[in-house]
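Beneath this line is the structure, given in structure tokens, with notes to follow.
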Amino acid sequence: MARKKSRWNIGTIVFLVLLVYVIINVLIFVGKEKLTVYKVTEDKISTTYSLTGIAIRNEKLLQAEDDGYITYYTEEGKRVKKSGTLYVLDKNGKVQKEFANQVEEMKGKGDIQENSRVKNRLSEFKSIYEDKDFEDVYDLKYDLKNAVLGINEKSLKKVLEQVKEQVGDAAFSTRKSTISGIASFYSDSFDDKKASQIKASDFERENYRVTKLNSTDKVKKGDTVCRVTTNEKWTLAVLLDEEQYKSLKGRKTVMVRFADDQMKAAAGVKTEKKKDGYFAYLSLDQYLIRYIGERYVDIDLILDTYQGLKIPDSAIVSKQFYQVPAKYISRGNNKASEGFSVRTTSKDGNVKVEQKEFTIYKKTKNYCYLDPEEVEEGTTFEAMDAGDRFTVGEMKNLKGVYCTNQGYADFRPVQVIVNKDGYSIVKTDTLEGIRLYDFVVLDSKTIKENQMIY
Numbered sequence: 001m002a003r004k005k006s007r008w009n010i011g012t013i014v015f016l017v018l019l020v021y022v023i024i025n026v027l028i029f030v031g032k033e034k035l036t037v038y039k040v041t042e043d044k045i046s047t048t049y050s051l052t053g054i055a056i057r058n059e060k061l062l063q064a065e066d067d068g069y070i071t072y073y074t075e076e077g078k079r080v081k082k083s084g085t086l087y088v089l090d091k092n093g094k095v096q097k098e099f100a101n102q103v104e105e106m107k108g109k110g111d112i113q114e115n116s117r118v119k120n121r122l123s124e125f126k127s128i129y130e131d132k133d134f135e136d137v138y139d140l141k142y143d144l145k146n147a148v149l150g151i152n153e154k155s156l157k158k159v160l161e162q163v164k165e166q167v168g169d170a171a172f173s174t175r176k177s178t179i180s181g182i183a184s185f186y187s188d189s190f191d192d193k194k195a196s197q198i199k200a201s202d203f204e205r206e207n208y209r210v211t212k213l214n215s216t217d218k219v220k221k222g223d224t225v226c227r228v229t230t231n232e233k234w235t236l237a238v239l240l241d242e243e244q245y246k247s248l249k250g251r252k253t254v255m256v257r258f259a260d261d262q263m264k265a266a267a268g269v270k271t272e273k274k275k276d277g278y279f280a281y282l283s284l285d286q287y288l289i290r291y292i293g294e295r296y297v298d299i300d301l302i303l304d305t306y307q308g309l310k311i312p313d314s315a316i317v318s319k320q321f322y323q324v325p326a327k328y329i330s331r332g333n334n335k336a337s338e339g340f341s342v343r344t345t346s347k348d349g350n351v352k353v354e355q356k357e358f359t360i361y362k363k364t365k366n367y368c369y370l371d372p373e374e375v376e377e378g379t380t381f382e383a384m385d386a387g388d389r390f391t392v393g394e395m396k397n398l399k400g401v402y403c404t405n406q407g408y409a410d411f412r413p414v415q416v417i418v419n420k421d422g423y424s425i426v427k428t429d430t431l432e433g434i435r436l437y438d439f440v441v442l443d444s445k446t447i448k449e450n451q452m453i454y
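Start counting the sequence shown at 1; every next residue gets the next number (the UniProt record's numbering).
Okay, structure coming up:
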């Protein structure tokens, strides 16, 4: 009985020891700071400046030749041909009604097709009016007034003939365009200004003054009543800070992305430093019609786009490596692998030179970098061709990350191209570096090199 009791006590002791061991390890695991890894992805980062440009176009401003009430016969943003009718000037205020009556009468007879654009704008008007967006309502009313009589030239001639019969041709005059181009109906504080004349104060929108020109408006002789943009080349003047100015200076082109619709266009760029600030002038030949009625245009300037492997900045760590002149890299008899001719001298003075291979973590035109864990300080390399010798000693820092693919923190070098918003884009073909979908330690401060991951 005593022997059985002793065996029972030994078994109990072993069990308790194992239990305590398990509990301790569980507590250590629970209390241990959790290691977070990050899966390497491929991405791109762009250097982008968000700016507001002032649009300057090649425009010819047309002035009223007499006092009267104006009626436009072309639509905002519509291309007019040379000698095409732009507007009719009603000298006594009674002709406009007759014009409208004649147009409606001819529409009723089917001589003039219903204007689909007017239908669309009316639909927008109803929608916006219900939402009480009164600024847009005002702009839509302006568009509708200028579009409602937007009939073709052939139909307009019929209308003019009918009106002449009713009121006589002395009561009104027609203005034809002397050039072909795109018509728009507003006058603002940038009339006749060149891009080079833009000042820093012009970017303060509260100072901007614009007059929308509507059909039925009364105008005076000499008033600007229409502008015709003669071609699709236009310029955006932008105000820069000093850093942006330095980045753009010397560039010939830049990519412009329009904030409203995310459309992109290449633009020529010139920079200028003035007393009141730094400026850039962006030359464009696309999308003029999209922004024909806008003076201020919000854009993004995309300077450079960098593509590569994306890693968090917190994963990057520095490590010291021996810097060795690249001329000491040699190849063995098979010429297949790179190595080094290591020179050693025994205690009795015998010299021995043997070929050894070490992992090269980075190689440039002039230098290569070796891990101190592989190469001892004081190791002497010999250049086989020249007979020169080099003793290892000088060290340089290389950036890298801890890769966890093999179950431990394995240092892998990285070459950072650019960083932004807490992330870096690194090269994809770095020697001994990381690859797409590798796992790296998210925070390099939470682990030591070669530490096991568990």
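Glycine included, each C-beta is placed from N, C-alpha and C at the ideal position.
A quick note: this is a predicted structure, and the numbers were derived from the prediction, not measured.
query, result
"Whole-Å CB distance - Asp-300 paired with Arg-343, under 8 angstroms assumed", "No, Asp-300 and Arg-343 are not in contact; Cβ-Cβ is about 59 angstroms, not under 8 angstroms."
"Arg-205, DSSP secondary structure in three states", "helix"
"Under the three-state DSSP convention, the category Phe-358 falls into", "coil"
"Rounded straight-line distance, which links the Cα of Tyr-291 to that of Thr-224", "20 angstroms"
"Bounding residues of the beta strand (DSSP E) (the contiguous stretch that carries Ser-283)", "277-284"
"Stretch-stretch touch, CB-based, cutoff 8 angstroms, three pairs: the segment 215-234 with the segment 258-273", "no"
"Three CB pairs or more closer than 8 angstroms across the segment 43-61 and the segment 228-242", "yes"
"Closest Cα partner of residue 471 within the set Glu-272, Ile-329, Tyr-38, Ser-83", "Outside the modelled stretch of the chain, which goes from 1 to 454, sits residue 471, for which no answer is possible."
"Exposure of Arg-175, with buried meaning 16 or more beta-carbon neighbours within 10 Å", "buried"
"Three-way DSSP call (helix, strand, coil) for Glu-65 in this model", "coil"
"Local conformation of Ile-10 per DSSP, three classes", "helix"
"Neighbourhood of Ser-424 by C-beta, 6 angstroms cutoff - its chain only, sequence neighbours within 5 removed", "Ile-311, Asp-313, Val-416"
"Any beta strand (DSSP E) of 3 or more consecutive residues that is wholly inside the segment 225-265", "253-258"
"Own chain, CB closer than 6 angstroms to Glu-272, minus 5 neighbours either side, in chain order", "Phe-279"
"Gln-307 to Glu-42 span [Cα, whole Å]", "8 angstroms"
"As assigned by DSSP and simplified to three states, the class of Leu-436", "coil"
"Close Cβ partners of Glu-374 (< 7 angstroms) along its chain, the five nearest in sequence each way excluded", "Phe-358, Thr-359"
"Classification of Gly-365 by the beta-carbon crowding that lies within 10 angstroms, buried from 16 upward", "A small correction: the amino acid at residue 365 is Lys; Gly does not occupy that position in the sequence shown. Exposed: under 16 other Cβ atoms inside 10 Å."
"Cβ neighbours of Phe-381 in the same chain (closer than 6 angstroms, five flanking residues each side left out)", "Tyr-328, Phe-340, Phe-390"
"Which of helix, strand or coil DSSP assigns to Val-40", "coil"
"Expected contact under 8 angstroms - CB spacing of Met-384 and Ser-337 to nearest Å", "With a Cβ gap of about 15 angstroms, Met-384 and Ser-337 do not count as contacting."
"Pairwise C-alpha distance: Ser-215 and Lys-194", "28 angstroms"
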